[in-house]
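For reference, the structure discussed in these notes is given below.
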Amino acid sequence: MTDLTQLTLAEARDGLTARRFSSTELTQAHLDAIDAAGALNAYVLVTPEKALAGAKSADERLAAGNAGPLEGIPVGVKDLFATDGVRTTACSRILESFVPSYESTVTSQLWRDGAVMLGKLNNDEFAMGSSNETSFFGPVVNPWRRGGSDAKLTPGGSSGGSSAAVAAGLCLGATATDTGGSIRQPAAFTGTVGMKPTYGRCSRWGTVAFASSLDQAGPITRTVRDCAILLRSMAGFDPKDSTSVERDVPDYEAAVGRSIRGLRIGIPKEYRLEGLSPEIDALWQKGVDWLRDAGAEAVEVSLPHTSYALAAYYIVAPAEASSNLARYDGVRYGLRVPGRDIAELYENTRAAGFGREVKRRILIGTYVLSAGYYDAYYVKAQKVRTLIRQDFENVYASGVDAILTPATPTPAFGIGEMANASPIEMYLNDVFTVTVNMAGLPGLAVPAGLGAQGLPLGLQLIGRPFDEETLLAAGEVIEQAAGRVSAPQWWK
Amino acid sequence: MAVDENTVRRIAHLARIAVTDEEVPHLQSELNAILSFVAQLDAVDVSNVEPMTSVLPMALRQRADVMNDGGYADRIVANAPQTEDNYFVVPKVVE
Numbered sequence: 001m002t003d004l005t006q007l008t009l010a011e012a013r014d015g016l017t018a019r020r021f022s023s024t025e026l027t028q029a030h031l032d033a034i035d036a037a038g039a040l041n042a043y044v045l046v047t048p049e050k051a052l053a054g055a056k057s058a059d060e061r062l063a064a065g066n067a068g069p070l071e072g073i074p075v076g077v078k079d080l081f082a083t084d085g086v087r088t089t090a091c092s093r094i095l096e097s098f099v100p101s102y103e104s105t106v107t108s109q110l111w112r113d114g115a116v117m118l119g120k121l122n123n124d125e126f127a128m129g130s131s132n133e134t135s136f137f138g139p140v141v142n143p144w145r146r147g148g149s150d151a152k153l154t155p156g157g158s159s160g161g162s163s164a165a166v167a168a169g170l171c172l173g174a175t176a177t178d179t180g181g182s183i184r185q186p187a188a189f190t191g192t193v194g195m196k197p198t199y200g201r202c203s204r205w206g207t208v209a210f211a212s213s214l215d216q217a218g219p220i221t222r223t224v225r226d227c228a229i230l231l232r233s234m235a236g237f238d239p240k241d242s243t244s245v246e247r248d249v250p251d252y253e254a255a256v257g258r259s260i261r262g263l264r265i266g267i268p269k270e271y272r273l274e275g276l277s278p279e280i281d282a283l284w285q286k287g288v289d290w291l292r293d294a295g296a297e298a299v300e301v302s303l304p305h306t307s308y309a310l311a312a313y314y315i316v317a318p319a320e321a322s323s324n325l326a327r328y329d330g331v332r333y334g335l336r337v338p339g340r341d342i343a344e345l346y347e348n349t350r351a352a353g354f355g356r357e358v359k360r361r362i363l364i365g366t367y368v369l370s371a372g373y374y375d376a377y378y379v380k381a382q383k384v385r386t387l388i389r390q391d392f393e394n395v396y397a398s399g400v401d402a403i404l405t406p407a408t409p410t411p412a413f414g415i416g417e418m419a420n421a422s423p424i425e426m427y428l429n430d431v432f433t434v435t436v437n438m439a440g441l442p443g444l445a446v447p448a449g450l451g452a453q454g455l456p457l458g459l460q461l462i463g464r465p466f467d468e469e470t471l472l473a474a475g476e477v478i479e480q481a482a483g484r485v486s487a488p489q490w491w492k
Numbered sequence: 493m494a495v496d497e498n499t500v501r502r503i504a505h506l507a508r509i510a511v512t513d514e515e516v517p518h519l520q521s522e523l524n525a526i527l528s529f530v531a532q533l534d535a536v537d538v539s540n541v542e543p544m545t546s547v548l549p550m551a552l553r554q555r556a557d558v559m560n561d562g563g564y565a566d567r568i569v570a571n572a573p574q575t576e577d578n579y580f581v582v583p584k585v586v587e
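So the sequences go chain by chain: A and B. Here the first sequence is numbered in the working numbering, starting from 1 and rising by one per residue. Here the second sequence is numbered in the working numbering, starting from 493 and rising by one per residue.
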């Protein structure tokens, strides 16, 4: 029998429907693969009993002919999504033993559609990081290595467990979240497909909050088609999230394979950064050529406020984080470290419970929101954000359908390689992705082949609000032209 | 704008995070690095620009002002480090 963990989600779905194998077999194959891949540290909790029980029910529904769209498909869940009765930590010590008694809306929709949960995936603590190195459970190892080297590389972050697990065949797809690039950068680093949907497309309810006006859930998968399938189940209106949008969820899969003839693809000149590596620049040009060959028209566009996005982001995101993370106080849930009085209890608990990067962001956020600085920092940043959104609105109003950029300025880097870098150098990972969150737009990272070091490189497509379908259609063109890449399974 | 050691201590207290004397200088330099990075926004002309208050244009929904959830205090306190009769227990606040 073929290795069931190497199927795409779509192939597995078709195989289950045709009863070529059972969900129990498919799920067991993935549990075995997870067992053998401890070296990657992708999962922080494996739930084999829950998985096999879910697979058994899925097999019954498949046999009875009332299967859901994801019936029997084993998936991994980023540890930022609350799962009823299953430990959910955000990979922080402060939530080390937190067991929710409720289920996030996004994951509940996956189970509604028949998916099977394999376990919880590693991520940067509270999704704050670009290399998965801030996780309380330690870094995730990228299944990819540089040619001729066994140095451990990062799978990106914050959704590093999700991207590594998908690339390594430890699940058929994974949930992830993206506040400044946390789906798209890890996807680019692992040769996987990652979609950050339009703000409001997926419910934020039951997902551990980082920066509420930027956070959005989305899928990481091995193909564009798989991304469309998973997104359809994750998306949808939820009255429990006040910024959830009441809008029908289209059949995203129908957009995969749709012609892109006549589409106008914007190439933003401000993304041609000084010092951009020639390899990334060449990849970008290759992407333009592929879309042109498929009948699209490439036009140069201008997004003049691009260079300010990262600075504005590093005011808005920490400000919202400092407010959201105020709830971790050692009283209602999570870690408690005693003190002489309640103020000291709070201070000791938060000092011991949060890691360095999280503390740094809370402190910055507290500072920019504090009396006397609110207008100079926070209000100013929100004004710059308006300008960033207007840049995109102007481009789309000029008749551009989607925008093509590199996904990251570099391929995956080594674990520990950035240890002596300043926080700012690490933040530069998000330079191509962060504008999309600031403007609330959808963005898709799609693999575009291997670079000189033998590592995957990704391109990013940015769309109009709620036009994920155009991104999937254009993403499929890139995937077909670039060819799929698979990580060598050195850990087995 | 740059922060001094006292400001670092004040901000940490506002954020309710205990910091040790050894941590302060390190935090100070990290915070100042970030503040000098975001200072590039000074170059942007934002006169007559409204701050973003909603990511996408949307009106907040309203619902009837009725109780529609609750009645499970035991579940609410289930993850608390210390409870008594479905209350959260904290050190004595009022003498």
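Idealized CB from N, CA, C, for every residue including glycine. Please read all numbers here as calculations on a predicted model, not as lab measurements.
Residues of chain A with CB closer than 8 Å to the CB of residue i, please, in chain order.
i	result
residue 582 (chain B)	331, 342 and 345
residue 542 (chain B)	383 and 386
residue 495 (chain B)	367
Just to check my reading of the structure: residue i and residue j have Cβ atoms closer than 8 Å, yes? What is that Cβ distance to the nearest angstrom?
i	j	result
residue 444 (chain A)	residue 475 (chain A)	5 Å
residue 166 (chain A)	residue 192 (chain A)	5 Å
residue 550 (chain B)	residue 106 (chain A)	That pair is no contact at about 19 Å.
residue 571 (chain B)	residue 333 (chain A)	4 Å
residue 478 (chain A)	residue 452 (chain A)	19 Å between Cβ atoms; not a contact.
Quick one: which chain B residues come within Cβ less than 8 Å of residue i?
i	result
residue 495 (chain A)	Nothing can be reported for residue 495 (chain A), as the shown portion of chain A is limited to 1 through 492.
residue 348 (chain A)	510
residue 351 (chain A)	509, 510 and 511
residue 23 (chain A)	Neighbours of residue 23 (chain A) on chain B: none; closest Cβ ~31 Å, over 8 Å.
residue 370 (chain A)	503 and 506
residue 322 (chain A)	507
residue 245 (chain A)	548 and 550
Which residues in chain B have a C-beta closer than 7 Å to the C-beta of residue i? List them in chain order.
i	result
residue 364 (chain A)	523 and 526
residue 311 (chain A)	529, 530, 532 and 533
residue 440 (chain A)	547 and 548
residue 380 (chain A)	533 and 538
residue 315 (chain A)	530
At 9 Å on the CB atoms, spell out the chain B contacts of residue i, in chain order.
i	result
residue 120 (chain A)	Going along chain B, no residue has its Cβ under 9 Å from residue 120 (chain A), so there is no contact; the nearest lies around 16 Å.
residue 443 (chain A)	In chain order: nothing, as chain B lies at least about 14 Å away.
residue 465 (chain A)	548
residue 360 (chain A)	519, 522, 523 and 526
residue 261 (chain A)	Residues of chain B passing the Cβ test: none, with the nearest at roughly 29 Å.
Who does residue i pair with in a DSSP beta bridge?
i	result
residue 405 (chain A)	A:460
residue 83 (chain A)	A:86
residue 264 (chain A)	A:297
residue 445 (chain A)	A:194 and A:460
residue 496 (chain A)	Because chain A spans 1 through 492 in this model, residue 496 (chain A) falls outside it and cannot be assessed.
residue 220 (chain A)	A:174 and A:194
residue 576 (chain B)	B:579
residue 46 (chain A)	A:119
So residue i contacts chain A; which residues on that side make the cut at Cβ distance below 9 Å?
i	result
residue 565 (chain B)	Ordered by position in chain A, no residue passes the 9 Å Cβ test against residue 565 (chain B), which lies about 12 Å from the chain.
residue 501 (chain B)	Near residue 501 (chain B) there are no residues of chain A at all, since even the closest Cβ is about 11 Å away, more than 9 Å.
residue 585 (chain B)	341 and 342
residue 516 (chain B)	The premise fails here: residue 516 (chain B) is roughly 11 Å from chain A at the closest Cβ pair, so nothing lies under 9 Å.
Which residues in chain A sit within 7 Å of residue i, going by Cβ to Cβ distance?
i	result
residue 504 (chain B)	363
What are the complete beta strand (DSSP E) segments, minimum 3 residues, inside the region 276-303 of chain A? 297-301
Next on the checklist: Report the start-end ranges of each alpha helix (DSSP H) in the region 136-207 of chain A that is 4 residues or longer and not cut off at the edges.
Outcome noted: 160-167 and 184-190
message = Quick check for students: name the residue ranges of the alpha helix (DSSP H) that lie wholly in the region 380-439 of chain A, counting only runs of 4 or more.
response = 380-397, 423-427 and 434-439
_Residues of the region 97-127 of chain A in Cβ contact with chain B at a cutoff of 9 Å, in chain order, please._
97, 98, 99, 100, 101 and 102
Length-filtered (4 minimum) alpha helix (DSSP H) runs lying within the region 54-132 of chain A: 105-112
Length at least 4, wholly inside the region 306-385 of chain A: the alpha helix (DSSP H) runs in chain order: 309-324, 342-353 and 356-369
Output needed in chain order: residues of the region 567-578 of chain B with a Cβ under 9 Å from some Cβ in chain A. 567, 568, 569, 570, 571, 572, 573 and 574
What residues from the region 200-211 of chain A come within 7 Å of chain B, judged by C-beta to C-beta, listed N to C?
200
- Message: Counting only Cβ-Cβ distances shorter than 9 Å, please list the residues of the region 231-243 of chain A near chain B, keeping chain order.
- Response: 239, 242 and 243
By the 9 Å beta-carbon criterion, what residues does the region 403-431 of chain A contribute toward chain B? 422, 423, 424 and 427
Margin query: Against chain B, which members of the region 81-92 of chain A pass a CB distance test of less than 8 Å?
Written below: none
*What residues from the region 171-202 of chain A come within 8 Å of chain B, judged by C-beta to C-beta, listed N to C?*
198, 199 and 200
What are the residues in the region 50-63 of chain A lying within 9 Å of chain B by C-beta distance? none
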